[in-house]
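Read in order, the letters of the sequence shown correspond to residues 19 to 508 in the numbering used here. Please read the structure below before turning to the comments.
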Amino acid sequence: MNPDRWIERILARHRDWQNGHGDSPHHPSLGVDENVLARALDELADRLAGSHPFFHPRYAGQMIKPPHPVAVLGYLAGMLVNSNNHALDGGPATSRLEVEAVAALAAMLGFGTHLGHLTGGGTVANLEALFVARETHPDRGIAFSTEAHYTHARMCHLLGVPAHPVPVDRNGRMDLDALRSLLATGTVGTVVATAGTPALGAVDPVHDILPLARAHGSRVHVDAAYGGFFALLARGDTPPLVDPAPWRAVASCDSVVIDPHKHGLQPYGCGAVLFADPSVARFYDHDSPYTYFTSNLPHLGETSLECSRPGAAAAALWLTLKVLPLTRDGLGEVLAAGRRAALRWSTLLRDSADLCLFQQPELDIVTYYPRCDPPTLSQIDRASASLLDEGMRDQRDPVYLSTSHIPADAFIARQLSVVTDRPRARILRSVLMKPESETYLGHLHRRVEALARALRPAPAAADPHSALDPSRSPAPPGRNLTVPPGKEAG
Ligand SMILES: *Cc1c(COP(=O)(O)O)cnc(C)c1O
C-alpha cells in the first residue's frame with residue numbers, strides 16, 4: 019500500500035469539505051517564510067533521526083512501534099478537522115466514530131451493554147476505573163499484584179485509597195492463596211487483575227480471581243492495557259495461541275482497560291476504559307454549562323475525567339478497524355505473528371549455549387539473560403546491561419533490547435541455578451509486537467547470541483577452540499534450565 023496516494027485523497031476531500039462552506043478569509047499573521055520552514059523541517063528530520071528504529075525488527079526492546087499507515091491516514095483526516103470529543107458540540111462526527119470503535123472493543127472483550135470511551139492512554143483509563151472502584155466501595159482498598167503496572171500504586175495514592183500489593187507466583191501471576199488471605203480481611207473493595215504484565219507479559223488468572231473476589235463482594239477490574247487484543251487469539255485456533263480461560267472471564271468483570279496505542283496499531287494518545295454497568299455514569303455527574311449545549315444525547319465528556327480529547331484518535335481507530343477488523347484473521351493475524359515468534363524464540367533460548375530463558379512467554383514478551391560462569395546475579399546483571407549497550411552501539415548490525423529488574427526470589431521460584439549474591443538483577447526483555455519479528459527471529463537470535471558470546475572472557479591460550487565450539491565450552495551450573503513443573507509450553 020502506498021500511503022502517498024491516500025494522503026492526496028484525504029487532502030482533496032478535506033479541501034472539498036472546506037470549499038463547501040464558501041470562501042474563507044486568510045490572515046497574514048498565519049503566513050510563514052517557506053525558506054525558514056524548509057530549514058526547520060530539515061532540522062526536525064535530523065533531530066528525529068536520533069530516535070531508535072522502532073519500525074525495524076532489530077528494535078526488540080520496549081512496547082513501541084509506529085502506527086499502521088491506515089491509522090496515520092485516519093488520524094490525518096481527523097486532525098485536519100481537529101474536532102474535540104469532549105462534547106457533541108465539539109466533535110459531532112468523531113464522537114459517533116468513537117462510540118462505534120469503543121463498541122467494537124467491547125464486543126471483542128465480551129462486554130454487551132457497556133459504558134466506555136477512549137482516553138489519552140492506559141494510565142488515565144485505569145485512573146477512571148479505580149475512581150469508579152473507590153466510589154462503589156468507598157471504605158475499602160484496591161488490590162493488585164506486585165507485577166502490575168507501577169501507576170496503580172500511584173493512582174491509589176492520588177485517589178486516597180489504600181493499596182494492597184499481592185505477591186506473584188512462580189509464573190509472575192497474582193498468587194491466589196495470597197489473594198484469598200487478603201480478601202478474607204474484608205479490606206479489599208476491588209481486585210485489579212493484569213492481563214499482560216508490563217515486564218513479563220504474564221496473565222493473571224482472571225477466571226480464578228473473579229469467583230474469589232465475588233465471594234467477598236469485591237469488584238474486579240482488568241488491566242488489559244497491554245494484553246487486551248490477545249483476546250483475538252484466545253478463540254478460533256486449535257489449540258488457541260493463548261490460554262482462553264482468562265480472556266473468557268474478562269466478559270464477567272466490572273471494568274477493563276485496553277490500549278489501542280499498544281497492540282491496536284494506533285499512534286500514542288489512544289487508551290480505552292470500559293464499564294460493564296452503564297449506571298456508573300452517575301459517579302461522573304458534573305455540570306459544564308458552556309460545553310454541552312446542542313444536544314440532549316449523552317456527550318462523551320459527561321462520563322470521562324479528561325475534558326478535551328482528540329476526535330482524530332477516534333477517526334484513526336475507526337478507520338483501522340474498518341480494514342483490519344477485530345477478528346482472528348484481521349488484527350488477530352498481526353498479534354499471532356508476534357506470539358509465534360515469542361514461542362519459537364523461547365525454544366531457541368532453552369537450547370542456547372549463550373543465553374538462558376527466564377520464563378516461558380505467555381504473550382509476546384520474551385525475557386532472558388546471558389549465561390554466566392559463575393551464574394551470580396552480579397554477573398547476570400552486568401552482562402545484561404553490557405549486552406544492551408553493545409547491541410545498540412554496534413554500527414553495522416545494531417540490535418535494540420530492553421532490561422527489567424528481577425528480584426532474587428523470582429529466580430529461585432523458577433528454579434534457575436543462580437547464585438543470589440545481590441537482591442536483584444537486570445535481565446533482558448524483548449517485546450515482539452511487530453509481526454515482522456517472526457520473519458526476523460532467526461537473525462535476532464543469532465545476533466543476541468553472538469553479543470552474549472563476545473561478553474565472555476577470552477578463551478585460555480591452551481584451548482583456542484573452546485569459545486568457537488559451543489559443545490566444548492564448559493557447561494555452567496545453570497546449563498540445564500529447569501522448567502517449573504506444570505507449566506505448559508504455551
Ligand atoms: C502500558 C500499560 C499501562 C499504562 O498505560 P499508558 O498508555 O502508558 O498510560 C498500564 N497498565 C499496563 C498493563 C500497561 O501495559
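Here a beta-carbon is modelled for each residue, glycine too, at the ideal position from N, C-alpha and C. These numbers come from a predicted model, not from an experiment.
Between residue i and residue j, what straight-line distance do the alpha-carbon atoms span, to the nearest angstrom?
| i | j | result |
| --- | --- | --- |
| E456 | A166 | 27 Å |
| D439 | D372 | 21 Å |
| Y286 | D391 | 42 Å |
| L200 | L133 | 30 Å |
| A509 | V54 | One cannot answer for residue 509 here, as it falls past the ends of the chain, which runs 19 to 508. |
| A125 | T131 | 9 Å |
| A267 | E26 | 45 Å |
| H234 | D272 | 15 Å |
| G319 | A354 | 35 Å |
| C288 | R400 | 36 Å |
| L62 | E52 | 15 Å |
| R33 | L366 | 54 Å |
| M2 | A111 | There is no way to answer for residue 2, as the model of the chain reaches only from 19 to 508. |
| D513 | A202 | One cannot answer for residue 513 here, as it falls past the ends of the chain, which runs 19 to 508. |
| H44 | R411 | 50 Å |
| T309 | G108 | 8 Å |
| W35 | M97 | 14 Å |
| A294 | L29 | 39 Å |
| G139 | H175 | 19 Å |
Would residue i and residue j be called neighbours here (beta carbons separated by less than 8 Å)?
| i | j | result |
| --- | --- | --- |
| L163 | D222 | Note that residue 163 is Ser in the sequence shown, not Leu. Closer than 8 Å, so yes. |
| G159 | H182 | yes |
| L127 | A269 | yes |
| T137 | A290 | yes |
| A220 | R198 | no |
| T385 | L446 | yes |
| L123 | L148 | no |
| V240 | A231 | no |
| T394 | V436 | yes |
| A333 | A95 | yes |
| P180 | T205 | yes |
| L459 | R357 | no |
| L210 | P264 | Note on identity: in this sequence residue 210 is Val, with Leu being the wrong assignment. Cβ atoms of V210 and P264: not closer than 8 Å. |
| G214 | Y244 | yes |
| H463 | W363 | yes |
| V90 | P21 | yes |
| H104 | R346 | no |
| A331 | I276 | no |
| G350 | N102 | no |
| E324 | V150 | no |
| P441 | A431 | no |
Skipping 5 residues on each side, what residues in its chain have a beta carbon closer than 8 Å to that of residue i?
| i | result |
| --- | --- |
| G409 | P416, V417, Y418, L419, R465, V466 and L469 |
| T92 | In the sequence on display, residue 92 carries Gly and not Thr. Once the five neighbours on either side are set aside, the close Cβ partners of G92 are A330, A333, A334, L335, W336, L337 and T338. |
| R31 | A95 |
Output needed for residue i: all residues of its chain with C-beta closer than 7 Å, excluding positions within five of it in sequence on either side, in chain order.
| i | result |
| --- | --- |
| L106 | S113, T312, S313, L315 and H317 |
| D193 | V184, P185, V186 and D187 |
| M173 | N144, L145 and L148 |
| P482 | Reliability fails at P482, whose pLDDT of 49 lies under 50, so the model's placement of it is uncertain and no value is given. |
| R497 | Confidence at R497 is low in this model, with a pLDDT of 36, below 50, so the placement of that residue is unreliable and no value is reported for it. |
Comparing the CB of residue i with every heavy atom of ligand 1, is any distance shorter than 7 Å?
| i | result |
| --- | --- |
| K83 | no |
| H385 | For the sequence presented, residue 385 should be read as Thr rather than His. T385 Cβ: outside cutoff for every heavy atom of ligand 1. |
| G190 | no |
| D241 | yes |
| T164 | no |
| Y244 | yes |
| D277 | yes |
| R216 | Sequence check: residue 216 is Pro here, not Arg. P216 Cβ: within cutoff of ligand 1. |
| T365 | no |
| G79 | no |
| H167 | yes |
| G134 | no |
| K452 | no |
| G460 | no |
| G140 | yes |
| G356 | no |
| N20 | no |
Is any beta-carbon of chain C found at less than 8 Å from that of residue i?
| i | result |
| --- | --- |
| H74 | No chain C appears in this structure, which consists of one protein chain only. |
For residue i, which residues from the same chain have a beta carbon less than 6 Å from its beta carbon, with the 5 sequence-adjacent residues on both sides left out?
| i | result |
| --- | --- |
| I398 | Y387, C390 and A443 |
| S322 | H135 |
| S448 | A78, V384 and L419 |
| A360 | P379, D382, V384 and L450 |
- Query: Is it true that the region 417-436 meets the region 391-405, where meeting means three or more beta-carbon pairs spaced less than 8 Å apart?
  - Reply: At 8 Å Cβ cutoff, the stretches touch.
- Looking at C-beta atoms only, is the number of pairs between the region 364-378 and the region 421-434 that lie closer than 8 Å three or more? Yes: at least three Cβ pairs fall under 8 Å.
- If you pair each beta-carbon of the region 253-260 with each one of the region 293-301, do three or more pairs fall below 8 Å? A contact between stretches requires three or more CB pairs, one per stretch, nearer than 8 Å, and the region 253-260 fails this requirement with the region 293-301.
- Query: Taking contact to mean at least 3 C-beta pairs separated by less than 8 Å, is the region 73-90 in contact with the region 108-123?
  - Reply: The region 73-90 makes no contact with the region 108-123, as fewer than three CB pairs between them are under 8 Å.
- Message: Check whether the region 74-81 and the region 443-460 touch, using three or more Cβ-Cβ pairs below 8 Å as the test.
- Response: With a cut-off of 8 Å, the region 443-460 and the region 74-81 count as touching, because enough Cβ pairs lie within range.
- Given 8 Å, three or more beta-carbon pairs between the region 275-283 and the region 341-353: The region 275-283 vs the region 341-353: in contact.
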